[in-house]
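Notes follow once the structure below has been shown.
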Amino acid sequence: MTPDIRRGAALAEEGRLPPERIALVDLLDRLLAGGVVVTGELVLSIADIELVRISLRALIASVRAPDETETEADYEPSWR
Amino acid sequence: MADSGIYLYAVTSEAGEACLRLRGVLDAPVRKISRGDLAAYVSTVPLDQFGEEPLGHLLEDLDWVGEVARAHHRVVEGVAEAGPTAPVRLVTVYSDEEQIRALLARRHDDFLAVLSRVAGRREWGVKAYVDPESASHAGPGGAAERETSVGQRAARPGTAYLQRRKANLRSREDLWRHAVACAERLHAALGEIAVAGRRHRPQDPQLSGRKEWMVLNGAYLVEEERSTEFAAAVAAFREAAAGAGPGTGTGTETGPGPGAGHGAGMGVLGEVMDVAMDVELTGPWAPYSFTAVELETGGREGGAR
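From first to last, the protein sequence lines stand for chains A and B.
Count the first sequence with the UniProt record's numbering and you get residues 1 to 80, in order.
Count the second sequence with the UniProt record's numbering and you get residues 1 to 305, in order.
So this is what it looks like as structure tokens:
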């Protein structure tokens, strides 16, 4: 654990983001595509891809300038 | 019972004793549910937000998603400090604790397999960006120019200029191809140090807030004792990448950088540089990207890969 902590401190010194300021997009990369997925007898799981899409569309829409009227927001990178 | 559910954050071995002063989603206190040698970290959530229908609407709300994601992350980080941790996918909600105990019992071996896979390891993120604009004013050393004007360096300035103009017509394409190849090599080189590597989809520029091409969005599972080596390899690549290709002032300076940056990684990684890239390291993360197994709670056995 120690090297990690030291490394974290080193990163902080380099001006990298402290944990509470981690970019939401980096966090969602992991939270939406990682972690153990449990299916079966549960109330609710976001593993449903439709729900994930909804959230991403919302994210993209919300970071757009308010007066931008583009409606097609896609998870696929727009530069390809 | 009908109006609340149990939000599951992570599963660990019972041996780890995470700090239970943690606050979870909606600031609810986090508690531990044990079953045999496994433990689950959970909190109670209201179903008027975490039911299927309300959730559908709430996922459209960036602030709500952001708060849940950060709360989830905070708990997972807190738990991961105490020992090997298997994070559970964002928003996994059960109706009662008994179901979670049943999950730990039924999927005991699968969870143990996941935990042993991540024990003593942390996840790091590496992203590489290429500025497409660098293609249109490719200076000395630019990929496009290098390809077309090798041996032309001594040519008269006018000739060189025309050649460069011509080269630039297809330089964007070239830049893309070189950058992708470069990212492949970086991914492979980092994979040599890491136990496992995984590529996430490139982030949408509108989400990342960067207009550059993201050519690598990698996650790497690295032994804790190799963390420094891994970070040094990334730093070495960053330095080499900042110097490669067009332009000297690409804005990729990140200060002095780790002292170990000039170590063993440099020789190998220095050679893979073709294109000016901006390389970002994030982490260490809990091993989110390496615990993405699907486990079924009802019925059949044997789900973890």
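We treat Cβ as the ideally placed atom computed from N, Cα and C, and that holds for glycine.
When you compare only the Cα positions, how much space is there between A:V36 and B:P87? Roughly 6 angstroms separates the two Cα atoms.
Let's see if you can read the secondary structure: which residues bound the beta strand (DSSP E) around B:L216? Per DSSP, B:L216 is one residue of the beta strand (DSSP E) stretching across 213-223.
When burial is assigned at 16 or more other CB atoms within 10 Å of the CB, is B:A105 buried or exposed? The residue in question, B:A105, is exposed, as its Cβ has fewer than 16 Cβ neighbours within 10 Å.
Is there at least one Cβ from chain A nearer than 8 angstroms to B:R172's Cβ? B:R172 does not count as touching chain A.
Inter-residue spacing [alpha-carbon to alpha-carbon] between B:L38 and B:F111: Inter-residue distance for B:L38 and B:F111 is about 8 angstroms (C-alpha atoms, whole angstroms).
Extent of the continuous alpha helix (DSSP H) to which B:P54 belongs: Where B:P54 is concerned, the enclosing alpha helix (DSSP H) starts and stops at 52-58.
Exposure of A:D26, with buried meaning 16 or more beta-carbon neighbours within 10 Å: Looking at its Cβ environment, which holds 16 or more other Cβ atoms inside 10 Å, A:D26 is buried.
Between B:R122 and B:V222, which are expected to be in contact by the criterion C-beta below 8 angstroms, what is the C-beta distance as a whole number of angstroms? Indeed they touch by this definition, with Cβ atoms about 6 angstroms apart.
Any chain C beta carbon closer than 8 angstroms to B:Y288: Of the chains in the structure shown, none is chain C; the protein chains are A and B.
At the level of alpha carbons, what is the spacing between B:L47 and B:A183? Using only the alpha carbons, I get a separation of about 44 angstroms.
May I ask which residues mark the beginning and end of the beta strand (DSSP E) holding B:R117? Counting along the chain, no beta strand (DSSP E) covers B:R117; the unbroken alpha helix (DSSP H) around it starts and ends at 108-118.
So, with DSSP's three-state summary, where would you put B:P29? DSSP, reduced to helix, strand and coil, places B:P29 within a strand of the structure shown.
Anticipated Cβ contact below 8 angstroms, B:I6 with B:D96, distance rounded: The Cβ separation is near 6 angstroms, so the contact holds.
Taking 8 angstroms as the CB-CB limit, is B:V293 close to chain A? Yes, its Cβ sits closer than 8 angstroms to a Cβ of chain A.
Against B:P87, what residues of chain A qualify as contacts under a CB-to-CB distance less than 9 angstroms, listed in chain order? Residues of chain A passing the Cβ test: R30, L31, G34, G35, V36.
Compute the Euclidean distance between the alpha carbons of B:A188 and B:E229, then round it to the nearest angstrom. Looking at the backbone, the Cα of B:A188 and that of B:E229 are separated by about 15 angstroms.
What is the DSSP secondary structure of B:A15, reduced to helix, strand or coil? Residue state, collapsed to three classes: coil.
So with CB distances below 8 angstroms, who are the chain A contacts of B:H72? Residues of chain A passing the Cβ test: L31.
N-terminal and C-terminal residue of the beta strand (DSSP E) that B:L90 is part of: Counting along the chain, B:L90 sits inside no beta strand (DSSP E), nor does DSSP assign it H or E at all.
Going along chain A, which residues have a C-beta under 8 angstroms from B:V114? In chain order: V36.
What residues of chain A sit near B:V279, judged by a beta carbon separation below 8 angstroms? Within chain A, no residue comes near B:V279; the closest Cβ sits about 12 angstroms away, beyond 8 angstroms.
Between B:H200 and chain A, is there a C-beta pair that is closer than 8 angstroms? The beta carbon of B:H200 sits closer than 8 angstroms to some beta carbon of chain A.
What first and last residue would you give for the alpha helix (DSSP H) that runs through B:A188? Residues 171-193.
In whole angstroms, what is the alpha-carbon distance linking B:W213 and B:A181? When rounded, the distance between both Cα atoms is 13 angstroms.
Closer than 8 angstroms, CB to CB, is B:Q49 near chain A or not? Output row for B:Q49: interface = no.
Would you report the Cα separation of B:H73 and B:D278, rounded to the nearest angstrom? When rounded, the distance between both Cα atoms is 26 angstroms.
Selected residue, minimal CA-CA separation from B:V75, among B:A232, B:L8, B:E52: Ranking B:A232, B:L8, B:E52 by Cα distance to B:V75 puts B:L8 first.
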